[in-house]
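With the first letter of the sequence shown counted as 1, position 289 gets the number 348 in my numbering; the numbers rise by one all the way through.
I have placed the structure first, in the form of structure tokens, so that the comments after it can refer back to it.
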Amino acid sequence: MQVATEIPLPAPFPNGLRTAPSEEPWDFSLGPDPTSLKRQVNVDNSMTFERSGELQPPFADLAWACNKEASNDFRSDFFTKPTLPMLEAIINTSLGDGDMDEDKTTNSFQDYVAGLVGHEAALLVVSGTMGNQVALRSALGAPPHSILADHRGHIIILEGGGASSLFGAMIKQVVPSNGHHLTLADIKKHATVTTTVYDCPTRIISLENTLWGTVMPLAEIRAISHWARAQNPPIHMHLDGARLWEAVAAGACTLRDMGECFDSIQMCFTKGLGAPIGSIVTGTLPFIQRAKWSRKLLGGSTRSSGVIAAPARVAIDQVFLGGKLKAAQDKAARASRLWEQLGGKLALPTETNIIWVDLEASGLVPEVFYGMAAKFDVKIGAPIFGRIVFHYQISEAAFVRLCEFFRTVFRDSGKL
Numbered sequence: 060m061q062v063a064t065e066i067p068l069p070a071p072f073p074n075g076l077r078t079a080p081s082e083e084p085w086d087f088s089l090g091p092d093p094t095s096l097k098r099q100v101n102v103d104n105s106m107t108f109e110r111s112g113e114l115q116p117p118f119a120d121l122a123w124a125c126n127k128e129a130s131n132d133f134r135s136d137f138f139t140k141p142t143l144p145m146l147e148a149i150i151n152t153s154l155g156d157g158d159m160d161e162d163k164t165t166n167s168f169q170d171y172v173a174g175l176v177g178h179e180a181a182l183l184v185v186s187g188t189m190g191n192q193v194a195l196r197s198a199l200g201a202p203p204h205s206i207l208a209d210h211r212g213h214i215i216i217l218e219g220g221g222a223s224s225l226f227g228a229m230i231k232q233v234v235p236s237n238g239h240h241l242t243l244a245d246i247k248k249h250a251t252v253t254t255t256v257y258d259c260p261t262r263i264i265s266l267e268n269t270l271w272g273t274v275m276p277l278a279e280i281r282a283i284s285h286w287a288r289a290q291n292p293p294i295h296m297h298l299d300g301a302r303l304w305e306a307v308a309a310g311a312c313t314l315r316d317m318g319e320c321f322d323s324i325q326m327c328f329t330k331g332l333g334a335p336i337g338s339i340v341t342g343t344l345p346f347i348q349r350a351k352w353s354r355k356l357l358g359g360s361t362r363s364s365g366v367i368a369a370p371a372r373v374a375i376d377q378v379f380l381g382g383k384l385k386a387a388q389d390k391a392a393r394a395s396r397l398w399e400q401l402g403g404k405l406a407l408p409t410e411t412n413i414i415w416v417d418l419e420a421s422g423l424v425p426e427v428f429y430g431m432a433a434k435f436d437v438k439i440g441a442p443i444f445g446r447i448v449f450h451y452q453i454s455e456a457a458f459v460r461l462c463e464f465f466r467t468v469f470r471d472s473g474k475l
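Shown next, in the form of structure tokens:
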């Protein structure tokens, strides 16, 4: 039931001037004209907004409404911008207290994602880093304990050494023997399953899929999971699935496949999907109950958590389930083939949405390469990475410029 009274909107924008209709034209750089929105307050204190008419220029051309800022940004897929439906979901969400489990949108969303992977429960967090650390803390008991992971893993090189400094866990960094992904043989060789007083037993195996854009074969994951669960005590299987959406879009697995193999999964809603904030951790109900304590230890929940959950739900439904990731992967595959046809070398195979170019092996000077990219209005990461990342907001025009940039840099370097 909704309160029928229409409530006038206050001025929520930076200049704070527009509080009533005026003859002055609205500055659309500040956001939508508040007088064009109708607001109703529901009995659960959520608010429903209705916009009168369709977006018109210049509002229709705003960068945040059309994702123009991300259209030529190949630095990473976390540069995707929230879409208009995601932002509209925020103003239509419930505003219950997430820390007290009172927000209907958040509770429904957590159940929804848990169901997608086949786990009992899920917990919303603000970032992938927080999600991984919450999961690791929740899976660890008392020391001594160690975590085994690929040496390139996010939890090792991009999370500030959290598991070691915060939880006293020793990290065993393993270099894959095949140069691509960890195998069961790698795990058996480096895991500590003995129980003498000299040992720091392996309590968690943390895998990442996708890892640097490459896919870990499902058969290998299943073999590792089967072995880990057969140990006494069983070794907890955690998946950093920040880009798990990409592995599924590539046809390498399903979300349920991963749910069957892992005891906990972290998934991100900003990388590739475009939500403004948020990740989630899934697992058993007792595990998620512990994760709530871990989340509190690592920074806590949010109050009106629906503003995170609502756009994340749109991101899953419209981008992931809407099939938009595969088109970006197809662009990456086409660009990767062109790179190799021109004589370029790859550091890793292109299996999803990320190309890793090997400039040294390709005979190209990094400073020249990145300098020329800027001339073609193509944003690529710093020279130390050699990484080109595709996402669904990359425009066709930017893709064409990238391909022409490839041709030009090889031609000007005397490689053609």
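Where a beta carbon is used, it is the ideal one built from N, C-alpha and C, also for glycine.
Through-space distance from residue j to residue i, alpha-carbon basis
i: residue 347; j: residue 357; result: 15 Å
i: residue 477; j: residue 224; result: No answer is possible for residue 477: the residues shown for the chain start at 60 and end at 475.
i: residue 210; j: residue 197; result: 22 Å
i: residue 365; j: residue 146; result: 12 Å
i: residue 115; j: residue 448; result: Confidence is the limiting factor: at residue 115 the pLDDT is only 46, short of 50, which leaves the residue's position unreliable and the question unanswerable from this model.
i: residue 392; j: residue 203; result: 45 Å
i: residue 409; j: residue 362; result: 41 Å
i: residue 69; j: residue 150; result: Reliability fails at residue 69, whose pLDDT of 38 lies under 50, so the model's placement of it is uncertain and the value that follows must be treated cautiously. Taking the straight line from one Cα to the other gives about 14 Å.
i: residue 213; j: residue 270; result: 8 Å
i: residue 136; j: residue 166; result: 27 Å
i: residue 390; j: residue 459; result: 10 Å
i: residue 266; j: residue 292; result: 19 Å
i: residue 82; j: residue 333; result: The pLDDT assigned to residue 82 is 37, lower than 50, so where the model puts this residue is not dependable; a value taken from the coordinates is nonetheless given after this. Using only the alpha carbons, I get a separation of about 36 Å.
i: residue 119; j: residue 435; result: For residue 119, the predicted structure reports a pLDDT of 49, less than 50, and the residue's modelled location is therefore unreliable. The matter cannot be settled from this model.
i: residue 283; j: residue 454; result: 39 Å
i: residue 171; j: residue 373; result: 12 Å
i: residue 328; j: residue 429; result: 29 Å
i: residue 274; j: residue 238; result: 13 Å
i: residue 407; j: residue 240; result: 11 Å
i: residue 279; j: residue 250; result: 16 Å
i: residue 218; j: residue 341; result: 20 Å
i: residue 463; j: residue 310; result: 30 Å
i: residue 417; j: residue 474; result: 15 Å
Contact under 8 Å by Cβ, residue i with residue j
i: residue 181; j: residue 173; result: yes
i: residue 331; j: residue 352; result: no
i: residue 268; j: residue 314; result: no
i: residue 457; j: residue 191; result: no
i: residue 148; j: residue 139; result: no
i: residue 152; j: residue 369; result: yes
i: residue 184; j: residue 338; result: yes
i: residue 359; j: residue 158; result: yes
i: residue 306; j: residue 411; result: yes
i: residue 206; j: residue 246; result: no
i: residue 432; j: residue 168; result: no
As assigned by DSSP and simplified to three states, the class of residue i
i: residue 156; result: strand
i: residue 145; result: helix
i: residue 128; result: helix
i: residue 194; result: helix
i: residue 472; result: coil
i: residue 176; result: helix
i: residue 273; result: strand
i: residue 182; result: strand
i: residue 438; result: strand
i: residue 224; result: helix
i: residue 363; result: strand
i: residue 133; result: coil
i: residue 217; result: coil
i: residue 258; result: coil
i: residue 467; result: helix
i: residue 332; result: coil
i: residue 164; result: helix
i: residue 187; result: helix
i: residue 311; result: coil
i: residue 410; result: coil
The beta strand (DSSP E) enclosing residue i, as first and last residue numbers
i: residue 209; result: 205–209
i: residue 297; result: 295–299
i: residue 405; result: 404–407
i: residue 347; result: Run containing residue 347: none in the beta strand (DSSP E); it sits in the alpha helix (DSSP H), 344–356.
i: residue 307; result: Premise fails: residue 307 lies in the alpha helix (DSSP H), 303–308, not in any beta strand (DSSP E).
i: residue 417; result: 413–417
i: residue 446; result: 446–448
Beta bridge counterpart(s) of residue i as assigned by DSSP
i: residue 326; result: 339
i: residue 265; result: 208, 297
i: residue 229; result: 205
Residue range of the alpha helix (DSSP H) that includes residue i
i: residue 398; result: 383–400
i: residue 319; result: 314–320
i: residue 286; result: 277–288
i: residue 453; result: From DSSP, residue 453 is part of no alpha helix (DSSP H); its letter is neither H nor E.
i: residue 247; result: 243–249
Closer than 7 Å: residue i CB and nearest the ligand SAM heavy atom
i: residue 275; result: As presented, the structure is devoid of all ligands, the ligand SAM included, so that no description of it is given.
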